[in-house]
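Please read the structure below before turning to the comments.
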Amino acid sequence: MSKDKVHIFDTTLRDGEQVPGCKLDTEQKLIIAERLDLLGVDVIEAGFPISSPGDFNSVHEISKLVKNASVCGLTRAVKKDIEAAAEALKMAKRPRIHTGIGTSDSHIKYKFNSNKEAIIERAVSAVKYAKTFVEDIEFYAEDAGRTDNEFLARVCEAVIKAGATVLNIPDTTGYCLPEEYGAKIKYLKENVTGIDKAILSCHCHNDLGLATANSIAGVINGARQIECTINGIGERAGNTSLEEVVMILRQHPTLNLDTNINSKLLYDTSQMVSQKMGVYVQPNKAIVGANAFAHSSGIHQDGVIKNRETYEIIDPADVGVTESSIVLTARSGRAALAYRAKNVGYELTKTQLDQVYEEFLSFADKKKEIMNEDIHDIIVASGISIEI
Ligand code: KIV
Ligand code: ZN
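Quick note, in UniProt numbering, the sequence shown goes up one by one and the last residue is 388.
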């Protein structure tokens with residue numbers, strides 16, 4: 001049975017770039033956009049054109065450059081925003097306007113000092129107006145995570161009638177539990193008339209560390225687009241991480257879902273975005289962190305050396321990492337030492353290994369990590385006689 005496609009909507013250049021200190025210039029954004037296109041994302045959210053002349057220009061230039069992906073510009077449900085986005089996107093092969101409004105009680109009361117009926121009217125007018133410029137309209141119900149499902153369904157129904165092609169259901173504050181977010185998507189699938197005409201999209205924030213889990217719960221329950229960023233960069237604790245959702249779907253074939261992403265480009269893309277934004281990837285970050293394929297305890301190392309699958313669920317080559325690493329520390333065992341010694345040219349017999357291992361432990365207790373150059377010193381200090 002062929003797998004259902006989950007569209008990947010990358011918002012590294014919009015939600016990701018909102019992070020303090022991550023500002024990119026147009027040239028840097030163009031390099032990232034080109035890479036995202038090569039990676040195989042379906043939609044690139046290139047920016048928020050009304051927000052500044054620089055952002056407008058970036059969206060305009062990215063629209064000219066991108067060959068395959070749809071290029072999207074964010075707007076509020078405001079005419080002048082929509083006009084700016086339409087203008088910035090006019091050279092795009094596949095332009096998408098992403099418009100929307102807050103739908104939770106707190107947004108309606110505190111942000112808009114309004115009421116539910118007026119919010120639906122504004123949402124519908126924005127979608128209709130955007131539709132006069134481009135065919136592909138995505139509507140976001142900001143703070144959908146805290147919006148009651150019945151009202152959310154009414155909003156969705158109204159904007160589909162007005163011409164929305166994608167319905168973004170953001171957990172803007174990262175509050176939902178996966179079960180709750182999944183149930184929200186299921187409710188919309190089952191209760192919104194006309195839902196078959198639109199794609200439901202998950203846009204989850206990571207305030208409680210649940211962005212990836214919530215997005216996966218969303219697609220299990222019928223959403224077919226995930227909004228995410230490279231390295232999970234984004235407002236506050238970040239957005240759903242692209243590399244995580246792509247690899248979860250790939251490593252779990254029974255879900256019957258997949259994306260168009262060329263996963264072999266994930267590691268390099270992560271590094272490139274990290275360098276351009278000046279934000280380091282945490283070493284224990286899933287999929288692309290420096291330690292994602294590094295084994296340092298003796299028990300794990302012994303297993304991995306015998307067969308990689310004992311402690312690795314992903315072949316590092318599938319995400320563009322050359323190979324797993326066996327890190328030598330005071331927690332490493334003989335198997336790891338023999339393996340690393342062999343890699344630098346020393347084939348040790350069992351007796352030699354026992355002797356070198358004693359020396360290794362006294363070195364390793366004084367250092368965080370034993371490097372290749374230390375191995376030679378350890379072998380010399382152990383007193384064994386061996387040629388390289
Ligand atoms: O988190 C959010 O609600 C957003 C919307 C503007 C789509 O980023
Ligand atoms: Zn967001």
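Idealized CB from N, CA, C, for every residue including glycine.
Can you tell me whether N206 is buried or exposed? The criterion is at least 16 other CB atoms within 10 Å of its CB, across all chains shown.
buried
Quick test of the definition: if touching needs 3 or more C-beta pairs under 8 Å, does the stretch 93-108 touch the stretch 143-155?
yes
Taking 8 Å as the cut-off, decide whether the C-beta atoms of C72 and E45 are in contact.
yes
Indicate whether V124 and V159 have their beta-carbon atoms separated by less than 8 Å.
Contact: yes.
Could you tell me which residues DSSP pairs with A294 in its beta bridges?
S325
Three-state secondary structure (DSSP) of A162
helix
If we require 3 or more residues per run, which beta strand (DSSP E) segments fall completely within the stretch 97-183?
As far as the stretch 97-183 is concerned, its whole beta strand (DSSP E) runs of at least 3 residues are 136-142 and 166-171.
Tell me, to the nearest whole angstrom, how far the beta carbon of A88 is from that of P49; I am working on the premise that it is less than 8 Å.
4 Å
Are there three or more Cβ pairs, one per stretch, closer than 8 Å when the stretch 172-180 is compared with the stretch 202-220?
With contact defined as three or more Cβ pairs closer than 8 Å, the stretch 172-180 and the stretch 202-220 are in contact.
Check: H98 C-beta below 7 Å from any heavy atom of the ligand ZN
Checking the Cβ of H98 against the ligand ZN gives no.
Can you find a heavy atom of the ligand KIV that lies under 7 Å from the Cβ of L208?
no
Give the single residue among E358, T349 and I313 whose Cα lies nearest to the Cα of residue 424.
Not covered by the structure: residue 424. The range shown for the chain is 1 to 388.
Please report the distance separating the alpha-carbon of K5 from that of L337.
Computed Cα separation, rounded: 45 Å.
Identify which residue in G194, T240, N113 and M91 has its Cα closest to the Cα of D208.
Sequence inspection shows Leu at residue 208; the Asp mentioned does not correspond to that position. Between L208 and the set G194, T240, N113 and M91, the nearest pair of CA atoms involves T240.
Y110 classed as buried or exposed, judged by whether at least 16 other C-beta atoms fall within 10 angstroms
exposed
Contact belief for K189 with N221 at Cβ below 8 Å, rounded distance in angstroms:
Indeed they touch by this definition, with Cβ atoms about 7 Å apart.
With DSSP as the reference, label Q282 as helix, strand or coil.
coil
Consider the C-beta atom of T172 and the heavy atoms of the ligand KIV; say whether any pair is separated by less than 7 Å.
yes
Can you list, in chain order, the residues of its chain whose CB lies under 8 Å from that of R308, leaving out five sequence neighbours each side?
D315 and S324
Flag this pair as yes or no: are the beta carbons of L39 and L265 separated by less than 8 Å?
The answer is yes: Cβ separation under 8 Å.
Quick check: T172 and V127, are their CB atoms within less than 8 Å of each other?
no
With DSSP collapsed to three states, give me the class of residue 446.
Lying outside 1 to 388, the shown extent of the chain, residue 446 is not represented and no answer is given.
Alpha helix (DSSP H) segment containing A198, residue limits:
Neither: A198 is in no alpha helix (DSSP H) and is coded neither H nor E.
Quick check on the burial criterion: 16 or more other C-beta atoms within 10 angstroms. Buried or exposed for Y280?
Exposed, since its Cβ has fewer than 16 Cβ neighbours within 10 Å.
Within the same chain, show all residues whose beta-carbon is closer than 6 Å to that of N372, passing over the 5 residues directly before and after it, in chain order.
V344
Under the three-state DSSP convention, the category L348 falls into:
coil
With the cut-off set at 8 Å, would you say G16 and T193 are in Cβ contact?
Judged by beta-carbon spacing, T193 lies beyond the 8 Å limit of G16, meaning their Cβ atoms are not closer than that value.
Starting from the C-beta of H203, find all residues in its chain whose C-beta is less than 6 Å away, skip the five residues before and the five after it, and write them out in chain order.
N168, P170 and E227
Pull the bridge partners of P95 from the DSSP assignment, please.
V71
Any non-hydrogen atom of the ligand KIV within 7 Å of L242 CB
Outside the cutoff, so no.
Nearest-angstrom beta carbon gap, K29 and I62 [assumed within contact, 8 Å]
6 Å
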